[in-house]
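Asker: Chains A and B, in that order, are what the protein sequence lines are.
All residue numbers for the first sequence refer to my numbering, where the first residue is 284 and numbers rise by one.
All residue numbers for the second sequence refer to my numbering, where the first residue is 3 and numbers rise by one.
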Amino acid sequence: MNAKSLPYILILPVTVFLGVFFIYPFILVSQQAFQSGAGVGLSNFENVFSHWKFPISLKNTLYLAAAVVPLQLGLALLMAVLVTKMQRGRDLVIYIWTIPLGISDLAAGIIWLVIFDQSGFLNSIMQSVGAIDRPINLLSYQSPGLVFLAIALAEIWRATAIILVILVAGIGLIPKEYYEAAEVFGANGWQRFLRVTLPLLRPSLSTALVLRVILAFEVFAVVQALGGTLFPVLMSETFKYQFELLDSGGAAALALVVLAISITATVAITRILRVPKGATL
Amino acid sequence: MIKENISILTPAQILQRHKIGRYLYRTLIIVLCAWVLLPLYLLFVNALSSSKAVNSFPKNFVPEFDFESLIFFSQFAGMTSALSNSIKVAVITMIMSIVIGAPAGYALSRFDFRGKSTFRLLILLTRAFPLPLLALPLAVLFIRTGLDDTIFGLALVHTTLALPFAVLITFSIFSGVPIELEEVAWTLGCNRLTGFTKVVLPLILPGIAASAIFAFVISWNEVFAAAVLTVENRTLTAFLLQNLDTSPLHLKFAGGFILVIPALIFIFAVRKYLFAMWGIANR
């Protein structure tokens, strides 16, 4: 074993594994999506797109991502700045704020069900302050706004931590000298944040946003736990096509739709937040 | 700027402003901690109360420490086997992603080789794809190969999810060990293998453990692929998802509790490594 071939031997297992379980399935899923009956065509897509639930689930998925991701980004930036300034108790606060990182979307949905359920804590609080007489069903088809709010809150609660971790790591990489220089030139805290932290944080922001946006398009279990069939999203429709309608061609077509949206978002985010050449740290 | 401030404000005013700022800062941190902890606490209240208390109204904000819900959960048909399936899948995922991923992490941190950037791109690319969707075509493939509805089949998919992270995390951990240490070991009579096992391995073991735990958590929490790929041998998340419509509230809350507890422990165990893992994995 010589030093030239060693790195290739070391990366071989990963390459083979990802080839078999990442690239090959994507070829399969594309084949499935374009295959219908005997021939090749777009009929799976036509079936899926013409289903009355498709526009709703697409709209729900996109709206949810649009409502949740910017708020999470703002919240994570605030938390990251607060925690980098901290001297005492930093470890404890970071631990608390990153707990949701380990919690599954299903568990997060169940956690917020504890609050929003008919016999839940929100009803209890509202009654004790006299806003309502008896518990009302908050998560019903009569209150789509509340269903959306509950799902959005659960998503913000669960998945802000991943952005936070990436941003704190990114802020840690910014050399102190930049801040010292900014201070010498009389920049106040807000200016230092806008002119030093934010621009130098671009690579981290881009990583965090890509990761987060793709997860937002994959939203599934939170929605199942809180909204059930009241709030169809793309992934729950995909699941339905596979299991209730037993139409794996339709499921594959929907999977490609999710994939297409994810890739579009990834390209857009990396373009917008691209670091100009020669301007790296 | 400092001069200006002094000319406008008296020292007492400055001190007061400072105090208000500090007060605000602390309140903000406490509020944000409460935002994370309060929903968790409410879940614990419900999980540690009897089914009567869970369904009653208005609610008590203190748990009764009644284990009825949890006992009901443990006796619910199929729940314990789902729990043990979850653990088995997660353990297999953990082992496979480290055994397969760590060598690649080492290669990335120690060698410059042709195709390195392409390889890194492949790893990064996987994160730009909605991976759970892979379960759909694999479901068909697994039926043909006899892997359908097996623990190992699901673990293979979960390993695909965890592997990119394992590579990037081990890459950043190996990069933290200076190559000079290895070189010294070689001059002192170690070969590449013994130099690795005697010098590098002891240094990186905690980091490797942290990334293994991370792989475990990814598998433990995964819902979509688990629900697609298992029928009889459901994992805990798939089982709970399947029974969301029909199961009583206290069963859901007890299930949520069981899902959350390992997360609390695992994040505590890897907390030191979270940022090291992401700092380099970032770029």
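Glycine included, each C-beta is placed from N, C-alpha and C at the ideal position.
Using the three-state DSSP reduction, which class does Ser319(A) fall into: helix, strand or coil?
Answerer: The count along the first sequence starts at 1 and reaches residue 319(A) at position 36. In the structure shown, Ser319(A) sits in a strand (DSSP, three-state: E or B).
Asker: Counting only Cβ pairs nearer than 7 Å, list the residues of chain A close to Gly103(B).
Answerer: Taking the first residue of the second sequence as 1, we reach residue 103(B) at position 101. Simply Val297.
Asker: Would you say the stretch 315 to 331 of chain A touches the stretch 407 to 427 of chain A, given that touching needs at least three Cβ pairs under 8 Å?
Answerer: no
Asker: List, in order along the chain, the chain B residues whose C-beta lies closer than 9 Å to that of Glu501(A)?
Answerer: To locate residue 501(A), count along the first sequence from 1; it is residue 218. Those are Pro132, Leu133, Pro134, Leu135 and Phe226, listed as they occur along chain B.
Asker: Does Phe399(A) come out as helix, strand or coil in the three-state DSSP assignment?
Answerer: Taking the first residue of the first sequence as position 1, residue 399(A) is located at position 116. Helix at Phe399(A).
Asker: Identify the continuous alpha helix (DSSP H) that holds Arg485(A) and give its terminal residues.
Answerer: Taking the first residue of the first sequence as 1, we reach residue 485(A) at position 202. Per DSSP, Arg485(A) belongs to the alpha helix (DSSP H) from Arg485 to Phe500.
Asker: Would you be able to state if there are at least three C-beta pairs under 8 Å between the stretch 426 to 441 of chain A and the stretch 79 to 87 of chain B?
Answerer: no
Asker: Buried or exposed: which applies to Gln525(A), given that a residue is buried once 16 or more other Cβ atoms fall within 10 Å of its Cβ?
Answerer: Position 242 of the first sequence, counted from the start, is the residue given in the question as residue 525(A). Answer is buried; the Cβ neighbour count reaches 16.
Asker: Hey, how far is the Cα of Thr239(B) from the Cα of Ala538(A)?
Answerer: Walking along the second sequence from the start, residue 239(B) turns up at place 237. Walking along the first sequence from the start, residue 538(A) turns up at place 255. Between Thr239(B) and Ala538(A), the C-alpha separation is close to 21 Å.
Asker: Using a Cβ cut-off of 9 Å, pull out every chain A residue sitting near Cys35(B), in sequence order please.
Answerer: By one-based count along the second sequence, residue 35(B) stands at place 33. Within 9 Å Cβ-Cβ: Leu375, Val376, Ile379 and Trp380.
Asker: Between which residues of its own chain and Asn48(B) is the CB-CB distance below 6 Å, once the five residues before and five after are set aside?
Answerer: Your numbering for residue 48(B) matches position 46 in the second sequence. Result list for Asn48(B): Val56 and Phe255, in chain order.
Asker: Only counting the same chain, and skipping five residues up and downstream in sequence, which positions put a Cβ closer than 6 Å to that of Ile267(B)?
Answerer: For the purposes of this step, residue 267(B) is taken as residue 265 along the second sequence, with counting starting at 1. Nothing listed; no residue qualifies.
Asker: Which same chain residues end up closer than 8 Å to Ile100(B) when comparing Cβ atoms and leaving out the 5 residues on each side of it in sequence?
Answerer: In the second sequence, the residue the question calls residue 100(B) occupies position 98. Ala168, Thr172, Ile210, Ser213, Ala214 and Ala217, listed in sequence order.
Asker: Just to confirm my understanding: we take Leu513(A), look at its own chain, exclude 5 residues before and 5 after, and list those with CB closer than 8 Å. What are they?
Answerer: Position 230 of the first sequence, counting from 1, holds the residue named residue 513(A). Counting only Cβ-Cβ distances below 8 Å, and skipping sequence neighbours, we find Leu422, Ser423, Tyr424, Pro427 and Val430.
Asker: Taking 8 Å as the CB-CB limit, is Leu492(A) close to chain B?
Answerer: In the first sequence, counting from the first residue as 1, residue 492(A) sits at position 209. Not one chain B Cβ lies under 8 Å of Leu492(A).
Asker: Please check the pair Gly453(A) and Ser487(A), which I expect to be a contact at CB under 8 Å, by giving their CB distance rounded to whole angstroms.
Answerer: Along the first sequence, one-based indexing puts residue 453(A) at 170. Along the first sequence, one-based indexing puts residue 487(A) at 204. Going by Cβ atoms, the distance from Gly453(A) to Ser487(A) rounds to 3 Å, so yes, they are a contact pair.
Asker: Is the stretch 309 to 318 of chain A touching the stretch 533 to 552 of chain A in the sense that three or more CB pairs, one from each, lie closer than 8 Å?
Answerer: yes
Asker: What runs of the alpha helix (DSSP H), each 4 residues or longer, lie entirely inside the stretch 169 to 200 of chain B?
Answerer: 181 to 189 and 194 to 197
Asker: I need the DSSP call for Asn327(A), collapsed to helix, strand or coil.
Answerer: Along the first sequence, one-based indexing puts residue 327(A) at 44. It is helical.
Asker: Can you tell me whether Gly578(A) is helix, strand or coil according to DSSP?
Answerer: This structure leaves residue 578(A) out entirely; chain A is present only between 284 and 564.
Asker: Need the endpoints of the alpha helix (DSSP H) that Thr480(A) sits in, please.
Answerer: One-based indexing of the first sequence puts residue 480(A) at position 197. Premise fails: Thr480(A) is in no alpha helix (DSSP H) and is neither H nor E.
Asker: Apart from the five residues on each side of it in sequence, which residues of its chain come closer than 6 Å, Cβ to Cβ, to Asp151(B)?
Answerer: Within the second sequence, residue 151(B) is the residue found at index 149, counting from 1. Closer than 6 Å at Cβ, skipping near neighbours: Thr232, Val233, Glu234 and Asn235.
Asker: What is the DSSP secondary structure of Ile434(A), reduced to helix, strand or coil?
Answerer: On the first sequence, residue 434(A) is found 151 positions in, with the first residue counted as 1. Note: Ile434(A) maps to helix in three-state DSSP.
Asker: DSSP on Ile8(B), reduced to helix/strand/coil?
Answerer: Counting from one through the second sequence, the residue named residue 8(B) turns up at place 6. At Ile8(B) the pLDDT is 41, less than 50, meaning the model places this residue with poor confidence; the figure from the coordinates comes in the next sentence. In the structure shown, Ile8(B) falls within a helical segment according to DSSP collapsed to helix, strand and coil.
Asker: Roughly how many angstroms separate the alpha carbons of Ala442(A) and Trp37(B), rounded to a whole number?
Answerer: Here residue 442(A) refers to the residue found at position 159 when the first sequence is read from its first residue. Here residue 37(B) refers to the residue found at position 35 when the second sequence is read from its first residue. Counting only the Cα atoms, Trp37(B) lies some 13 Å from Ala442(A).
Asker: Give the range of the alpha helix (DSSP H) segment to which Ile209(B) is assigned.
Answerer: Here residue 209(B) refers to the residue found at position 207 of the second sequence. Before going further, note that residue 209(B) is Gly rather than Ile in the sequence given. That run of the alpha helix (DSSP H) goes Leu203 to Asn223.
Asker: How far does the alpha helix (DSSP H) with Pro296(A) in it reach, from first residue to last?
Answerer: Along the first sequence, read from residue 1 onward, the residue named residue 296(A) stands at position 13. Annotation for Pro296(A): the continuous alpha helix (DSSP H) segment containing it runs Leu289 to Leu301.
Asker: Give a yes or no on whether the minimum CB-CB distance between Gly258(B) and chain A is below 8 Å.
Answerer: Working through the second sequence from its first residue, we reach residue 258(B) at position 256. Cβ-Cβ to chain A under 8 Å: yes for Gly258(B).
Asker: Flag Ile555(A) as yes if its beta-carbon sits less than 8 Å from any beta-carbon of chain B, otherwise no.
Answerer: Start at 1 with the first residue of the first sequence, and residue 555(A) comes out as number 272. Answer no: the Cβ-Cβ gap between Ile555(A) and chain B never drops below 8 Å.
Asker: Quick check on Leu587(A): does DSSP put it in helix, strand or coil?
Answerer: Residue 587(A) lies beyond the residue range present for chain A, which begins at 284 and ends at 564; the question has no answer from this structure.
Asker: Report yes if the C-beta distance between Leu483(A) and Tyr462(A) is below 8 Å; otherwise report no.
Answerer: Here residue 483(A) refers to the residue found at position 200 of the first sequence. Here residue 462(A) refers to the residue found at position 179 of the first sequence. No, Cβ-Cβ distance for Leu483(A) and Tyr462(A) is not below 8 Å.
Asker: Can you find the residues in the same chain that come closer than 7 Å, C-beta to C-beta, to Ile125(B), ignoring five residues on each side of it along the sequence?
Answerer: On the second sequence, residue 125(B) is found 123 positions in, with the first residue counted as 1. Cβ within range, chain order: Pro166, Val169 and Leu170.
Asker: Does the distance from the C-beta atom of Leu243(B) to that of Ala504(A) stay below 8 Å?
Answerer: Mapped onto the second sequence, residue 243(B) falls at position 241. Mapped onto the first sequence, residue 504(A) falls at position 221. Yes.
Asker: Check whether the Cβ atoms of Val351(A) and Ala435(A) lie closer than 8 Å to each other.
Answerer: Here residue 351(A) is taken as the residue at index 68 of the first sequence, counted from 1. Here residue 435(A) is taken as the residue at index 152 of the first sequence, counted from 1. Taking 8 Å as the Cβ cut-off, Val351(A) and Ala435(A) qualify as a contacting pair.
Asker: Below 9 Å on C-beta distance, what does Leu170(B) contact in chain A?
Answerer: Here the question's residue 170(B) lines up with position 168 in the second sequence. Under the 9 Å cutoff, chain A gives no residues; its nearest Cβ is about 11 Å from Leu170(B).
Asker: Specify the secondary structure class of Gly469(A) as computed by DSSP and reduced to three states.
Answerer: Start at 1 with the first residue of the first sequence, and residue 469(A) comes out as number 186. Assignment of Gly469(A) by DSSP, reduced to helix, strand and coil, places it in the coil class.
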